[in-house]
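Residue numbers (my numbering), protein chains in the order written: chain F, 19 to 658; chain R, 4 to 317.
Comments concern the structure below.
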Amino acid sequence: MKKSIFRAVCLALVLLLTVAALTGCGASSVSTTEYLGTYSTDVTSLIPFYLPDTTGKKVISNVIDGLIETDRFGSFVPSLAESWEHNADYSVWTFHLRKDAKWYDSKGKEVAPVTAQDFVDGMRFVADHKKTKSDMSIIKSVIVGLEDYYDTLVDFDDPNLAASKKPEGPRETIEATFDDTVGVKALDDYTVEYTLTAPVPYFESFLVTEIFLPNHKEFSDACGTKFGTAPDQLLYCGAYILQSWQRNKEFVLVKNDNYYDADKVSVKKIVLQKITDGAATVEMFKRGELTGTSLTGDQVEYYKQDAEWGKYVTLRDKSSVNYWFFMNFESPNTEFNTFAQNENFRLALYHALDRVTIAQLYNPYDTEEMLTNVICPEDVCYDENGVDYTDYAPLKEIKERGAGTYDPALAKEYFDKALAEVTDGNGNINGAQAGEVKMGRTFSFQTDGKLPLQLVYIHGSSSDEVSMAQIIKMNLEEVFGSENVEIVLSQFTGDKYNDVIAPGNFDLGYDNYSFKYADPLSQLGRLVTDGAVNDGHYSLPEFDDLVAQGSEKLVVSERYALFAQAEALLINGGYIIPWESGGGTYGMTREVPFTAPRGGFGLSRFKYKGMQLSEEPISAEQYDQLEQEFYAELNRKNAG
Amino acid sequence: MAKYIFKRTLQSLLSVFIVVFVVFLLLRLMPTDGYFTRDDYQNMSEAERQMYLVEIGAVGNPIKLFGEFMGKLFRGDLGESYVLQPHRAIADILAEKIPYSLAFGTVSMVLSLILGLLMGMAMAKGKGKWPDALGTGYVVIVRAVPSLIYLFLLQIAITGLFHIPMMFSERNPVTWILPTVSLSLSSIAWYAIWLRRFMVDEENRDYVKFARSKGMTDWKLMKRHVLRNALVPLAQYFPLQMLLTISGSLVIESLYSIPGMGGLLVEAIQEMDNSLVQVLVILYSALGVLGVFLGDILMVLLDPRIRLTDKKEG
């Protein structure tokens, strides 16, 4: 009895393992025409005009082309438009489409040519709030008539609006006004013209965003609400066709051999698998099951020591996302509120924050390289002479401060000045009251209106965030002395924006901010009084004026000169403390760096067009060499 | 019995109804901020946000909304998901996901029943000897070490040893084995340890000693008496476990990238996809109640001594 049971169990196990071994034999070689990538959160829908997450951007950018795209240097090059021009004051832009671009269905069958009307219909789709959510706010006021048309439809649909205030219907009548009122016109089958409300010299950078993609209206109308919910609910005019999309599992994109630019596409198939575990991706990369993998701080430390894999650990290029600290100028905490209004205190904070030590949490090596001292990203905006925006005075000096902003002695000096100005000399903080400070539904604490200043730092619940908060607490209390400053840590678990930033439940915090189009206005325009990312609610009229003046200048170098002054005001006044750049993560990859399109905004940077894959992983040495060659070429290009 | 079944059915329906109603109301009590991201606040006006909330049924008279929801449900319309997979019919989402969880769940349950019961028997028979020690060792490891650790190590080791892909792939049957086995590991231990316990209990009963003294063979005694009696307390849970395989396994499915049901409810709650949450709550609570009910009936069938209704006096 005993024996027979065991025999059965053993037999079953042996059988299972043999089957596994037999069928699994033979490790596959690594293909240079197949890109095997991963993603971690699922895409909700693939409506091309609304892509809130990176995975959706990766897919759509490769299957639908726009008028123009960026090349591997980040310069604008033709895509569906062969050529384009603008009038003298940059307010009317005309694009001439190529005639060999076609729409294909998910089986690769040709459906129709891509025409100028498709671009008009693309904008028509975005302009209807019922069709999709979108990133409208960045272009609503840029194109003539768009804002009015959009708002009229919203008003018409708004059930809470009084009948007398409602625009006249029916809805179809309002929709029909699009062709006459909105500044997007198909002059003929292959010419599309955009009329703008004001001169916009950097208009090209809008065109690489999803909002300006073409739409085959007949097809999307036929799909109705199912548009973008499955591969056969989309049409394709890009380098690839979405062959399959299994939610929570994988995307398979195959090269469209009939694509007009097919000879530039060397990756024939792209498979993106949903894998949530970072340790699994590293293992899969090593076995050749993935083209690349990113590494966490701990993994970097481990693999740097590894004899076989250590040489492949590379640091990727920074992204255009910047991180910065902001403080609350309308804090319910009266102690902090007094200090926040004081410039000496803000500068004390600027020089007290040990940004390197904090960033080491996320990036143990090359930490200083990741720091940024400015608000708009470097290497993204260039003027007509090829000069980077961040090289304009007085930004250049700020940029070059590097890690040197951390200066405890100077910080203490500023702090003592601030103390003299905002306290009465006996430790009482001017204007501060004793009592309970309530921040949000669950967090409150007692203040006494006296030193030490209680400063609430908000942080998330991940272990990195908690460690970071503790480092900041130690850092600031050490520099200022715990008799002067007490950092109160407040952890949030929900949504940072909704629960903390919007209601103002903080004194000090940080966030990351993406860069939406190639003009400093992209960031500075949102940082003015009441601006969308003015999270601390400061008001600096001088800054607002400079931004307004700059945005009116059409010569890029003149714009940048004014914007640079404006940005410097924010930083030198301690309103915002820039911290580090996004991206720049460590990884190992078989993707040859600097072969794929580049760009600080929009969709092109997610394209696989032009990308080369290598059979062997790219070593750090190779990476450095390619990087040097790339930047040398880029600088030559910009100078010439 | 018929009367009992009728009564239990009514009770079950009532409990499902209460669960669903309470969950429905709770979802409407949540603050509406969570339906929007930071970008939404920039891109949508207050009026647009209100319209969106009305569209997804997040605001409005909850009783009326509940009525509409139940009405649709009776017509077989589960509604559409709003956040996770906007504009996709929930029925389609379930039809796509359930087969994976069900297939892996069923096969692994059969596997764990067979292996678990065999192991439990071996442990009970060899009580105090090496099979028992070996089995106990296995049970302790599987139940005490956090599953993520040994499951991940197993994934790396086995796929590396046999050069098989780490992730599940529908096209490649060899990748189906490891997730199934991993899914069974802990339930094998569960069946084994309980069967061992009940069998040891039974073996010490007088009737077993009596049968043995009468010269009944060990094997017959095992099969006819001990095993059957020991299975009764376990059998109560079979239907429930069988039905709830539909809900999938969060850990295994994310480890092997299986697009099943595991985690769907959690995700739907996090993303505030109310319509999906409601359907899943109905599904799981109905299955849960049904499973317990079937378990009770199965127990009666296996053990005639157990009665579900009071025996009438006289």
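Don't be surprised by glycine CBs; every beta carbon is placed ideally from N, CA and C.
Quantities reported herein were computed from a predicted structural model and do not represent experimental measurements.
With a threshold of 16 other CB atoms inside 10 Å of the CB of residue i, please say whether the residue is buried or exposed.
i	result
residue 462 (chain F)	exposed
residue 472 (chain F)	buried
residue 566 (chain F)	exposed
residue 160 (chain R)	exposed
residue 66 (chain R)	exposed
residue 381 (chain F)	buried
residue 623 (chain F)	buried
residue 262 (chain R)	buried
residue 708 (chain F)	One cannot answer for residue 708 (chain F) here, as it falls past the ends of chain F, which runs 19 to 658.
residue 597 (chain F)	buried
residue 81 (chain R)	buried
residue 46 (chain R)	buried
residue 267 (chain R)	buried
residue 102 (chain F)	buried
residue 519 (chain F)	buried
residue 88 (chain F)	buried
residue 182 (chain F)	exposed
residue 729 (chain F)	The shown model of chain F, from 19 to 658, leaves out residue 729 (chain F), and the question about it has no answer.
residue 152 (chain R)	exposed
residue 143 (chain R)	exposed
Does the beta carbon of residue i sit closer than 8 Å to a beta carbon anywhere in chain R?
i	result
residue 154 (chain F)	yes
residue 534 (chain F)	no
residue 165 (chain F)	no
residue 189 (chain F)	no
residue 227 (chain F)	no
residue 288 (chain F)	no
residue 292 (chain F)	yes
residue 249 (chain F)	no
residue 238 (chain F)	no
residue 265 (chain F)	yes
Taking DSSP's pairing of strands, which residues face residue i in a bridge?
i	result
residue 55 (chain F)	F:290
residue 292 (chain R)	Per DSSP, none; premise fails for residue 292 (chain R).
residue 627 (chain F)	Answer is none; residue 627 (chain F) lacks a bridge partner.
residue 120 (chain F)	F:131
residue 86 (chain F)	F:96
Any C-beta of chain F sitting closer than 8 Å to the C-beta of residue i?
i	result
residue 205 (chain R)	no
residue 219 (chain R)	no
residue 112 (chain R)	no
residue 43 (chain R)	yes
residue 136 (chain R)	no
residue 248 (chain R)	no
residue 278 (chain R)	no
residue 169 (chain R)	yes
residue 4 (chain R)	no
residue 91 (chain R)	yes
residue 50 (chain R)	yes
Output the boundary residues of the alpha helix (DSSP H) element that contains residue i.
i	result
residue 321 (chain R)	Limits of chain R in this structure are 4 at one end and 317 at the other, which puts residue 321 (chain R) out of reach.
residue 160 (chain F)	Here residue 160 (chain F) belongs to no alpha helix (DSSP H), and DSSP marks it neither H nor E.
residue 76 (chain R)	65-77
residue 633 (chain F)	Here residue 633 (chain F) belongs to no alpha helix (DSSP H), and DSSP marks it neither H nor E.
residue 80 (chain F)	72-81
residue 13 (chain F)	Lying before the first or after the last residue shown, residue 13 (chain F) is absent from chain F, which here runs from 19 to 658.
residue 369 (chain F)	361-370
residue 162 (chain R)	150-165
residue 449 (chain F)	First-last for residue 449 (chain F): undefined, no H or E at that position.
Kindly indicate the opening and closing residues of the beta strand (DSSP E) around residue i.
i	result
residue 204 (chain F)	202-206
residue 607 (chain F)	604-607
residue 273 (chain R)	Taken as a continuous stretch (DSSP letters only), residue 273 (chain R) belongs to no beta strand (DSSP E), being part of the alpha helix (DSSP H) at 267-273.
residue 457 (chain F)	453-457
residue 273 (chain F)	268-273
residue 229 (chain F)	Premise fails: residue 229 (chain F) is in no beta strand (DSSP E) and is neither H nor E.
residue 336 (chain F)	336-345
Taking 7 Å as the cut-off, does the CB of residue i come closer than this to any heavy atom belonging to the ligand COA?
i	result
residue 554 (chain F)	Of the ligands one can find in the structure shown there are none, so the ligand COA has no counterpart to examine.
As an exercise, report each continuous beta strand (DSSP E) stretch of at least 3 residues that is fully enclosed by the stretch 499-579 of chain F, in chain order. 503-509 and 526-531
Can you list, in chain order, the stretches of the beta strand (DSSP E) that have 3 or more residues and sit fully within the stretch 416-494 of chain F? You should have 453-457, 461-465 and 471-477.
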